[in-house]
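K.L.:
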Amino acid sequence: MDLNSPLFDRIRVKPEQRQERRETRFRCDAPGCEAAGEYRAPMGRLREGQYFCFCLEHVREYNNSYNYFNGMSDEAVARYLKDDATTGHRPTWSMGVKRGQASFREDPLRPENFADPMGLYRQRAHRARPQAEASPRYSAVTIKALNALGLDETAGAEAIKTRYKELVKRHHPDANGGDRSCEERLREIIHAYKTLRAAKLV
Numbered sequence: 001m002d003l004n005s006p007l008f009d010r011i012r013v014k015p016e017q018r019q020e021r022r023e024t025r026f027r028c029d030a031p032g033c034e035a036a037g038e039y040r041a042p043m044g045r046l047r048e049g050q051y052f053c054f055c056l057e058h059v060r061e062y063n064n065s066y067n068y069f070n071g072m073s074d075e076a077v078a079r080y081l082k083d084d085a086t087t088g089h090r091p092t093w094s095m096g097v098k099r100g101q102a103s104f105r106e107d108p109l110r111p112e113n114f115a116d117p118m119g120l121y122r123q124r125a126h127r128a129r130p131q132a133e134a135s136p137r138y139s140a141v142t143i144k145a146l147n148a149l150g151l152d153e154t155a156g157a158e159a160i161k162t163r164y165k166e167l168v169k170r171h172h173p174d175a176n177g178g179d180r181s182c183e184e185r186l187r188e189i190i191h192a193y194k195t196l197r198a199a200k201l202v
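Each residue of the sequence shown is one higher than the one before, starting from 1 at the first, in UniProt numbering.
Set out below in structure tokens:
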């Protein structure tokens with residue numbers, strides 16, 4: 001094993017001797033006190049995260065006289081305590097409502113409810129609209145029956161009757177010299193015509 005290999009340069013090794021932790025000592029912040037300020041005390045309501053450093057005697061004295069709500073009216077204290085109990089002083093927003101507009105619950109997928117600088121959502125919505133507008137006015141069974149006769153949704157009663165008669169003549173076994181291979185197609189045509197009659201298109 002080569003101990004001088006560059007692979008060993010990246011291995012962390014625990015130092016043999018622990019370095020003594022050096023504590024930074026502050027002087028007490030009380031006026032005229034020369035003792036070490038080993039105890040932290042908060043500076044006040046408007047100075048969150050900032051602390052005084054006091055000796056034990058002065059930190060006890062400071063804690064006894066400390067008032068977080070100093071300078072606040074009774075109404076402000078009540079409002080602060082209520083806000084603390086409900087939200088913990090975190091910012092809140094009303095749910096589901098965009099300012100100055102209707103609620104998102106009305107139509108959450110409307111393009112104007114989303115920031116769309118590239119216009120991608122708007123293009124998809126325009127593409128989807130013609131399909132939605134061309135929704136069938138007949139049921140799926142009726143459309144299948146029309147397709148079986150080779151017709152579309154615009155066919156009227158006379159066109160359906162004419163097409164039915166034409167297909168029956170073409171696929172009837174008597175017209176095919178007794179060939180029974182067209183019987184299944186004939187059954188399909190008759191069933192389709194009965195479906196259209198039930199739908200009152202004929």
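Yeah, the Cβ is synthetic: ideal placement off N, Cα and C, and Gly gets one too.
Which same chain residues end up closer than 6 Å to A199 when comparing Cβ atoms and leaving out the 5 residues on each side of it in sequence?
P.N.:
T142, listed in sequence order.
K.L.:
CB-CB under 7 Å to H172, same chain, minus the five flanking residues each way: which ones, in chain order?
P.N.:
If we look at H172 and ignore the five residues flanking it on each side, its Cβ neighbours are L186.
K.L.:
Considering A41, what are the terminal residues of the beta strand (DSSP E) in which it resides?
P.N.:
Its beta strand (DSSP E) spans residues 39–42.
K.L.:
For the alpha helix (DSSP H) that contains Y80, what are its first and last residues?
P.N.:
From DSSP, the alpha helix (DSSP H) with Y80 extends over 74–86.
K.L.:
Would you say R163 and L149 are within 7 Å of each other, going by their C-beta atoms?
P.N.:
Their beta carbons are under 7 Å apart, which means R163 touches L149 by this criterion.
K.L.:
Verify whether the separation of the beta carbon atoms of R45 and Y68 is less than 7 Å.
P.N.:
Going by C-beta atoms, R45 is nearer than 7 Å to Y68.
K.L.:
Are R27 and G37 touching if we call contact CB-CB under 7 Å?
P.N.:
A contact, by the Cβ cut-off of 7 Å.
K.L.:
By the three-class DSSP mapping on this structure, what secondary structure does R137 have?
P.N.:
R137 falls in the coil class under three-state DSSP.
K.L.:
In the structure shown, what three-state DSSP assignment does A145 receive?
P.N.:
Of the three classes helix, strand and coil, the one that applies to A145 here is helix, per DSSP.
K.L.:
Taking DSSP as the reference, what is the three-state secondary structure of Y193?
P.N.:
The answer is helix: DSSP assigns Y193 an H, G or I state.
K.L.:
Quick check on DSSP: helix, strand or coil for Y164?
P.N.:
Note: Y164 maps to helix in three-state DSSP.
K.L.:
Starting from Y62, trace the alpha helix (DSSP H) in both directions and tell me its first and last residue.
P.N.:
56–65 is the span of the alpha helix (DSSP H), which, as asked, contains Y62.
K.L.:
Report the residue from C55, S73, T154 whose alpha carbon sits nearest the alpha carbon of L201.
P.N.:
Closest by alpha carbon: T154.
K.L.:
For a cutoff of 7 Å on Cβ pairs, would you count A192 as touching chain D?
P.N.:
This model lacks chain D altogether, as it is built from one protein chain only.
K.L.:
Rounded to the nearest angstrom, what separates S73 and G88 at their Cα positions?
P.N.:
If I take the Cα positions, the gap works out to 20 Å.
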